[in-house]
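J.:
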Ligand SMILES: Nc1ncnc2c1ncn2[C@@H]1O[C@H](COP(=O)(O)OP(=O)(O)OP(=O)(O)O)[C@@H](O)[C@H]1O
Ligand SMILES: [Mg+2]
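In the numbering used here, the protein residues as written are 17 to 512.
Now the structure itself:
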């Protein structure tokens with residue numbers, strides 16, 4: 017039993033939609049990669065600038081130490097002071113000369129003379145015996161202004177270098193370097209990168225919005241169409257736009273929907289045809305029965321005739337129902353073929369022999385020419401029914417005294433049946449329809465002969481199950497020839 021679960025009709029919340037997922041993915045990929053790139057770039061620039069500045073400042077301190085070291089003892093203080101000031105102005109910084117105790121002896125700003133300056137760089141040279149030391153600091157605006165004379169700055173750098181006189185080390189040169197400019201340009205680079213990042217992120221967001229819309233529109237359309245179909249409207253289709261897999265999805269869906277619609281239509285038609293066919297014999301029987309009920313004094317022979325007619329209608333009803341059951345069973349694939357090796361020559365001769373008395377009754381000549389010992393793999397009962405239905409038709413649609421010829425031969429590893437008659441024939445425009453269910457060329461006439469239009473559709477289905485084919489060649493007024501081709505080693509659909 018098939019259970020049909022309810023189609024979901026509520027809209028997907030925005031946060032759970034595929035659009036948001038695409039958007040997020042896009043944003044994360046673009047965002048993270050740019051963030052990594054920007055951080056790396058800022059780090060690179062900052063390293064480059066600080067290293068270069070360190071090298072320059074250390075070099076300057078070394079050069080100056082080479083000049084002022086020997087001068088510490090020999091030159092007079094006024095000359096040394098002048099020289100120191102000139103050099104400091106040239107560097108746009110401050111120069112101090114400290115003795116080995118760390119006390120300032122000379123200062124280009126002339127402010128800290130006699131004071132101790134326990135700066136880490138000075139201590140490293142004096143206490144740890146390093147030749148030179150350099151460090152950048154952020155000691156706060158006040159200290160920076162006091163040390164470098166630069167107002168509004170946050171950063172300052174100290175470069176210390178030992179001073180060597182003729183009798184060895186005689187102090188430390190301290191170069192106070194203004195590095196706020198460098199820090200400012202570094203900040204400018206990173207703020208520019210931030211701006212670029214924001215611009216790119218916004219652009220990515222807009223692009224992602226656009227792209228996600230492009231990607232999700234077909235899916236949303238498909239879902240909407242499915243919802244409508246789920247409510248019973250089988251005529252809706254998805255627009256087949258775009259390209260690639262999504263277009264293919266839409267096309268495949270539409271093909272499936274068309275097939276479903278077709279199936280639905282033919283099923284409805286089948287049901288209405290079947291009910292109509294069943295109604296006719298019932299109506300006839302009701303009339304016969306009512307006539308008998310309301311005419312109790314009906315002559316005995318008329319009553320008997322009525323009863324015979326009713327019996328005939330009951331046979332007809334049974335026949336229709338048997339045919340309908342056969343067809344539905346085949347539709348549901350529950351009627352699997354019982355494949356076995358069968359003697360088709362024997363089967364053909366037997367069927368012809370069985371039907372000969374009926375043909376003889378109508379003065380028809382039923383003849384056969386059967387290739388001997390033709391064996392095939394197939395379902396005996398079903399193949400028997402195929403031949404029976406074809407000969408039955410040939411007899412039904414051929415006038416009394418007509419001729420019917422049945423032949424069996426082998427060609428290209430196929431068994432071929434031909435059932436030929438010289439009966440009424442089939443107009444060309446009807447030939448393609450006679451295998452459809454309930455299709456009859458001449459409705460009034462075939463009802464007279466008891467036909468429902470199911471015989472040939474059963475034939476086509478059974479032959480198809482044997483991987484064979486059936487077709488007709490016919491000329492109205494001259495007769496028809498039905499040809500069945502069956503592969504000799506047929507695998508058979510649903511074989512057991
Ligand atoms: N040998 C034939 N000669 C002329 N017309 C034929 C022949 N065989 C079939 N037909 C036409 O094809 C129609 C369909 O045949 P089919 O066997 O399916 O139905 P039927 O014979 O009318 O009824 P059923 O076989 O279900 O009792 C027939 O009604 C008839 O008009
Ligand atoms: Mg028939």
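Every residue, glycine too, gets a C-beta built ideally from N, C-alpha and C.
For residue 395 and residue 355, I'd like the C-alpha separation in whole angstroms.
T.: Each residue's alpha carbon lies about 5 Å from the other.
J.: What would DSSP say about residue 162, mapped onto helix, strand or coil?
T.: helix
J.: Please list, in chain order, all residues of the same chain as residue 358 whose beta carbon is under 6 Å from its beta carbon, the five residues on each side excluded.
T.: 394 and 396
J.: For residue 366 and residue 344, I'd like the C-alpha separation in whole angstroms.
T.: 28 Å
J.: How many Å lie between residue 76 and residue 100 at the Cα?
T.: 13 Å
J.: If I'm right that residue 117 touches residue 191 with Cβ under 8 Å, what's the distance once you round it to whole angstroms?
T.: The Cβ separation is near 19 Å, so there is no contact.
J.: Return yes when the C-beta of residue 289 is under 8 Å from any heavy atom of ligand 2, and no when it is not.
T.: Result no, Cβ not under 8 Å from ligand 2.
J.: Tell me the DSSP secondary structure of residue 503 in three-state form.
T.: strand
J.: For residue 512, is the classification buried or exposed, using 16 other Cβ atoms within 10 angstroms of its Cβ as the cut-off for buried?
T.: The predicted position of residue 512 is uncertain, since its pLDDT is 36 and thus under 50; no value can be drawn from it.
J.: Would you list the one or two residues that DSSP bridges to residue 151?
T.: 174
J.: How about residue 402 and residue 382: do their beta carbons lie closer than 9 Å?
T.: Not in contact: residue 402 and residue 382 (Cβ atoms no closer than 9 Å).
J.: Quick check: does the Cβ of residue 468 come within less than 8 Å of any heavy atom belonging to ligand 1?
T.: yes
J.: Return the bridge partner residues of residue 497 from the DSSP annotation.
T.: 436 and 489
J.: Below 6 Å CB to CB, which residues in the same chain sit around residue 161 once its five sequence neighbours on both sides are set aside?
T.: 167
J.: List in chain order the residues whose CB is within less than 5 Å of at least one heavy atom of ligand 2.
T.: 409 and 471
J.: Can you list, in chain order, the stretches of the alpha helix (DSSP H) that have 4 or more residues and sit fully within the segment 360-389?
T.: 360-377
J.: Which full runs of the beta strand (DSSP E) of 3+ residues lie inside the segment 70-121, going along the chain?
T.: 110-114
J.: To which residues of the same chain is residue 454 closer than 6 Å at the C-beta, ignoring the five residues directly before and after it?
T.: So the qualifying residues of the chain are 289 and 469.
J.: Put residue 186 into one of helix, strand or coil per three-state DSSP.
T.: Reduced to three states, the DSSP call for residue 186 is strand.
J.: Can you name, in chain order, every residue of its own chain whose Cβ lies under 6 Å from the Cβ of residue 499, other than the five neighbours on each side?
T.: Within its own chain, the residues whose Cβ lies closer than 6 Å to the Cβ of residue 499, once the five positions on either side in sequence are excluded, are 434 and 487, listed in chain order.
J.: Can you tell me whether residue 487 sits near ligand 1, meaning its C-beta is under 8 Å from at least one heavy atom of the ligand?
T.: no
J.: Return helix, strand or coil for residue 156, following the three-state DSSP convention.
T.: coil
J.: Identify the residues that DSSP records as bridge partners of residue 430: which are they?
T.: DSSP output for residue 430 lists 427 and 503 as bridge partner(s).
J.: In the structure shown, what three-state DSSP assignment does residue 246 receive?
T.: If DSSP states are grouped into helix, strand and coil, residue 246 belongs with the helices.
J.: Alpha carbon to alpha carbon, how far is residue 14 from residue 269?
T.: Since the first residue shown for the chain is 17 and the last is 512, residue 14 is missing from the structure and cannot be characterised.
J.: Would you decide whether residue 471 is buried or exposed? Buried here means 16 or more other CB atoms lie within 10 Å of its CB.
T.: Residue 471 comes out buried.
J.: Compare the Cα-Cα distances from residue 239 to each of 150, 182, 48 and 27 and report the closest residue.
T.: 27
J.: Check for me: the beta strand (DSSP E) holding residue 258 runs from which residue to which?
T.: Element bounds for residue 258: n/a, residue is neither H nor E.
J.: Any idea what DSSP makes of residue 419, helix, strand or coil?
T.: strand
J.: Please tell me whether, using a cut-off of 8 Å, the distance from the CB of residue 455 to the nearest non-hydrogen atom of ligand 1 is below it.
T.: For ligand 1, at least one heavy atom lies less than 8 Å from the Cβ of residue 455.
J.: Can you name, in chain order, every residue of its own chain whose Cβ lies under 7 Å from the Cβ of residue 237, other than the five neighbours on each side?
T.: 254 and 255
J.: Per DSSP, what kind of secondary structure is residue 167 in: helix, strand or coil?
T.: coil
J.: Rounded to whole angstroms, how far is the Cβ of residue 58 from the Cβ of residue 206, which I believe are closer than 8 Å?
T.: Here residue 58 really is in contact with residue 206; their C-beta atoms are around 5 Å apart, less than 8 Å.
J.: Could you check if residue 499 belongs to the surroundings of ligand 1, using beta carbon to heavy atom distance under 8 Å?
T.: no
J.: List the DSSP bridge partners of residue 181.
T.: Answer is 184.
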